[in-house]
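Worksheet: one structure, shown below.
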Amino acid sequence: MSPHSTLPTISPQPRLSDFFQGMGLLGRAFSLILRDRRLFLLSALCAAVTAAALVGLVWLLWRYAPGALESVWARPESWYGKAAWSTVLVLSGLVLWVVGANVLPPLLLAPLQDPLSELTEEACGGGPGTSFTVAGFVRGLVTGIAHTLARLFFLLAGLAVLLPLHLIPGVGSVLWTVLASLYTMTWMAGEYLAAPMTRHLYPFAEVRRMLRERRALCLGLGAGIYVLLWVPILNAFFLPVAIVAGTLLYGGLREARLLAPPPGESTTAALK
């Protein structure tokens with residue numbers, strides 16, 4: 000398989016089938032990770048940290064979520080009240096677990112996100128990454144954490160806006176869960192597409208444009224990552240797989256000429 004065959008062939012015009020192509024990017028990412036030794040070793044390190052973080056999140060939610068809900072809604076005495084209370088607890092816990100999985104591992108692994116993306120581009124036929132320097136590592140660490148914190152703020156802010164839906168009797172919590180999940184999927188697509196685009200100095204307006212113009216494709220990527228989070232064992236690899244998949248999407252968009260060359264980069268150095 001040639002390096003360029005790993006990149007998706009993206010239609011110039013949006014199609015409904017783009018959603019399934021977006022989900023299929025995770026399979027391409029897994030395949031590339033298994034074929035490339037450096038990607039595999041770096042992904043294994045990410046997986047070990049992610050697994051510990053996910054187990055910790057489960058313990059925190061199991062230990063503290065019931066008490067947090069009781070602080071705003073006392074546990075009812077009636078059977079139907081208990082059923083509604085438990086439903087809110089379960090639905091909120093599921094979404095909060097996904098949110099926590101997108102907060103803690105990215106923060107812990109911020110220094111490794113750019114190297115993963117760089118290795119992916121190199122494996123797909125791009126030029127070699129820059130050589131290691133202490134100054135470059137520190138700069139990348141600070142920048143990576145700052146960008147991750149900024150994107151996480153938008154995730155949490157969006158979910159906070161949806162919180163009043165819980166006040167709607169009966170269907171409010173179900174509606175919040177559905178809308179919060181869709182918002183999180185969209186955010187995931189933007190998060191992992193933004194990783195290579197930010198490294199290539201694209202403004203975030205270009206990320207928003209891709210999310211808007213190729214909505215089905217990006218939502219498919221986000222949905223695939225969301226589903227992967229619920230698959231035991233494999234979910235430990237969700238962060239490296241998401242980063243590789245987002246970088247493959249970036250490369251596919253470049254191949255389809257839906258993205259201009261990176262700002263400040265000559266066309267001869269552009270990803271081909």
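So in numbering that gives the first Met the number 0, spot 3 of the sequence shown is number 2, and the numbers just go up one at a time.
The beta-carbon is built from N, C-alpha and C at its ideal position, and this holds for glycine as well.
query, result
"As assigned by DSSP and simplified to three states, the class of E76", "coil"
"Spatial neighbours of V97 in its chain, beta-carbon cut-off 8 Å, leaving aside the 5 residues before and after", "S180, T183, Y225, L228"
"Buried or exposed by the 16-neighbour rule on C-beta atoms within 10 Å, applied to P262", "exposed"
"CA-to-CA distance, A122 to Y249, given in whole angstroms", "14 Å"
"Nearest-angstrom Cβ-Cβ length linking P239 and L41, presumed shorter than 8 Å", "7 Å"
"Contacts around T129, its chain only, beta-carbon distance under 6 Å, and the 5 residues preceding and following it disregarded", "Confidence is the limiting factor: at T129 the pLDDT is only 49, short of 50, which leaves the residue's position unreliable and the question unanswerable from this model."
"Per-residue burial, P75 [other beta carbons within 10 Å of its own, 16 or more giving buried]", "exposed"
"Simplified DSSP state of N234, which is helix, strand or coil", "helix"
"Length of the line joining the Cα atoms of T8 and L162", "39 Å"
"L247 vs A28 beta-carbon contact at 8 Å", "yes"
"Nearest neighbour of A149, chosen from Q20, W175, V102, L15 [CA to CA]", "V102"
"Burial state of Q12, where buried means 16 or more other Cβ atoms lie within 10 Å", "exposed"
"L88 vs V243 beta-carbon contact at 8 Å", "no"
"Three-pair Cβ contact test at 8 Å for the region 208 to 219 versus the region 17 to 25", "yes"
"Entirely enclosed alpha helix (DSSP H) segments - the region 62 to 108, minimum 4 residues", "78 to 100, 103 to 107"
"Three-state class that DSSP yields for A255 in the structure shown", "coil"
"Whole-angstrom distance between H165 and L90, CA atom to CA atom", "11 Å"
"When T5, L15, V48 are compared against R214, the one with the closest alpha-carbon", "L15"
"Inter-residue Cα distance where the pair is L24 and A73", "44 Å"
"For Y182, the first and last residue of its enclosing alpha helix (DSSP H)", "171 to 198"
"Cβ distance (whole Å) where A52 is taken to contact L115 below 8 Å", "With a Cβ gap of about 17 Å, A52 and L115 do not count as contacting."
"Top-ranked residue by Cα proximity to L93, from G245, W186, G171, L56", "L56"
"V276 versus A241: straight-line alpha-carbon distance, rounded", "This structure gives no information on residue 276, because the portion of the chain shown stretches from 0 to 271."
"Reduced DSSP category for L33 - H, G, I as helix; E, B as strand; rest coil", "helix"
"Buried or exposed (CB count within 10 angstroms, at least 16 for buried), S77", "exposed"
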